[in-house]
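This report concerns only the one structure given below.
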Amino acid sequence: SYRVLPSGPAQLIAGNRVTNLAAGQAVSLVLSGGLQKVVPTSAATRLTVYGPSGRYHQYRGTIVGQPSYVINVLPIEDYLRGLGEVPSGWPLEAIKAQIVAARSYALTHLGSTALYDVDDTTQFQVYRGVDSESGSQNAAVDQTAGQVLMYGGRVIEAFFSASDGGHTANVSDVFGGSLATYPYLRGVLDPWDIVAPRHTWYTGIYTWATLERVYFSSADVATYGHLKGLDLRDRDASDRLNTVGLIGTRGVKRVGVSAFLHAFNRSTLTGHDVLWNEMFGTRPSQAWSYW
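Numbering-wise (this note's numbering), the sequence shown opens with residue 955 and increments by one.
Written as C-alpha cells, this is what we have:
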C-alpha cells in the first residue's frame, strides 16, 4: 500500500464515500481496493506520498490510487515545475529553453496510455514533484507559460538529451520513425556539445583476450576463433555505430551496437555505464595520449 500525507486540507474519495482530511492526517491507499483519490481542497496543500519501501516524494495536484498504479493528476504547468531534468543553477534562459522543450514533449504524449500520459522516469521525462521545484525553474515555467515548439502547425515531439556527441541523429536511426513523418528530427551538427561533460570520454585499456571473455562464448571461439579486432565501420549519418564486428581469427561475429554497449557496461570490467553512446572508437594503447 501507499500512504498519503496532506500538508493542508484535502479529501479522500473512495467510490461514493468522501472523507475530509486535516493537515497531517495520513491515509493509506490499498491498490487492490479499487479507485481511490486524495484531492487537495486548498491550492496550498501538497501531498506527500510514501511508497512501500518508505521512500517518499511530495506533489502538487491529486493522487489517484488504483490497481497496480499510483498516479499524480495535475495541470501541465505544475507538472513542469516538478521536472528533474536540469540543474536549478543553470542560467535562467537555458532553463526556459528546456521547459519549452519539455512542455512540447509532454503535450505530444497526452493520452499515450489508457491510464496515464507519462511516467516519472527517463522513459518519458524525469519528474520528482515538489522535490524538484526551485525558484529558477518556477520562474522559467511562468515566463514561458503556454510556449511550445511547432513545425508545420503542429507541436513537435521535442526529444532532448544530456549530450549528443556533437551530432544529433536522424529519427529513423534511433526510433525507427520516418523523416517524412518527423522532418524536424533530422541529424545536424551540434558544435556547442563540446562543453558537455560527456562529449568526450575514456574507458580504459583492454586486451583482446579480456574483451573475448565478454563477447565470445566457448561456442563462439570454436566458430570464429580468438578475438583479434573490432570492425567499427557500420555507422549512420551521424557517425553512430549500427553494429560492431567482432573479428576473430577464423571469422567475424556481428552484433547490434545496443547489445555491445550493454555487454560491456554490465561486464566485470566495469559493472556500470562507461560507454555512454554509440559514437565510440578505439586506439592502440601505445598511441593513446591520455597518459
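C-beta: ideal position from N, C-alpha, C; glycine also. As the structure is a computational prediction, the values presented were derived from the model and not from experiment.
Cα-Cα separation, residue i to residue j
i: Q1012; j: Q1020; result: 19 Å
i: Y956; j: P1029; result: 23 Å
i: D1118; j: Q965; result: 46 Å
i: I1053; j: S1115; result: 13 Å
i: A1060; j: T1075; result: 13 Å
i: L1133; j: A1123; result: 11 Å
i: A1191; j: L1064; result: 31 Å
i: S1171; j: F1214; result: 14 Å
i: S1007; j: L989; result: 22 Å
i: G978; j: S1022; result: 25 Å
i: R1237; j: P1151; result: 21 Å
i: I1049; j: S1058; result: 14 Å
i: S1042; j: A997; result: 24 Å
i: G1130; j: A976; result: 51 Å
i: R902; j: V1003; result: No information on residue 902 is available, as it lies outside the stretch 955 to 1245 that the chain covers here.
i: N1026; j: G1005; result: 13 Å
i: I1017; j: P1137; result: 38 Å
i: S986; j: Y1070; result: 18 Å
i: G1179; j: L1186; result: 19 Å
Minimum C-alpha distance to residue i - residue among the options
i: N974; options: T995, G1210 and S955; result: T995
i: V1072; options: N1092, G1130, Y1033 and R1152; result: Y1033
i: I1110; options: A1056, N1026, R971 and S1221; result: A1056
i: G1036; options: R971, S1086 and D1188; result: S1086
i: N1231; options: T1154, Q1101 and R1108; result: T1154
i: G1141; options: T1197, T1222, F1113 and T1076; result: F1113
i: A980; options: Q990, R1194 and V958; result: V958
i: L1121; options: S982, A976, V1003 and F1234; result: The amino acid at residue 1121 is misidentified as Leu; the sequence shows His. Ranking the options by Cα distance to H1121, first place goes to F1234.
i: Q1101; options: R971, A1051 and Y1081; result: A1051
i: A1176; options: K991, G1202 and L1184; result: G1202
i: G1038; options: Q1097, D1144 and S1088; result: S1088
Spatial neighbours of residue i in its chain, beta-carbon cut-off 7 Å, leaving aside the 5 residues before and after
i: D1227; result: N1219
i: E1031; result: V1095 and A1099
i: V1168; result: A1217, F1218, S1221 and L1223
i: V1209; result: T1197, V1198 and L1200
i: L1165; result: L1181
i: L1046; result: S1090, A1093 and A1094
i: V1211; result: L1195, N1196, T1197, V1198 and E1232
i: D1174; result: K1207
i: L1229; result: T1157, L1215, F1218 and N1219
i: Y1010; result: T1002, V1003 and Y1004
Status (buried if at least 16 other CB within 10 Å, exposed otherwise) for residue i
i: S1066; result: exposed
i: S1225; result: With the sequence shown as reference, residue 1225 is identified as Gly, and Ser is not the correct amino acid for it. G1225 should be labelled exposed.
i: Y1244; result: Only weak support is given to the placement of Y1244: the predicted model assigns it a pLDDT of 41, under 50, and the question is left unresolved by the model.
i: Y1105; result: exposed
i: Q1079; result: buried
i: V972; result: exposed
i: I1148; result: exposed
i: Y1156; result: exposed
i: L1184; result: buried
Own chain residues within Cβ distance below 6 Å of residue i, not counting five before or after
i: G969; result: none
i: V984; result: S955
i: V1024; result: Y956
i: D1188; result: N1196 and T1197
i: L1139; result: V1125
i: V1206; result: G1199
i: T1161; result: none
Close beta carbons around residue i, own chain, < 8 Å, minus the five adjacent residues each side
i: R1000; result: P960, S961, G962, P994, Q1012, Y1013, R1014 and V1084
i: D1127; result: G1141, D1190, A1191, S1192, R1194 and N1196
Going residue by residue through the stretch 1163-1237, where are the continuous alpha helix (DSSP H) segments of at least 4 residues, counting only ones entirely within it? Runs found: 1172-1178 and 1211-1219.
Within the stretch 1074-1149, note down every full alpha helix (DSSP H) run reaching 4 residues or more, in order along the chain. Here the runs fully enclosed are 1089-1097 and 1125-1128.
Could you tell me which whole beta strand (DSSP E) segments of length 3 or greater appear in the stretch 988-1039? Runs of the beta strand (DSSP E) inside the stretch 988-1039: 990-994, 1001-1004, 1010-1013, 1016-1020 and 1023-1027.
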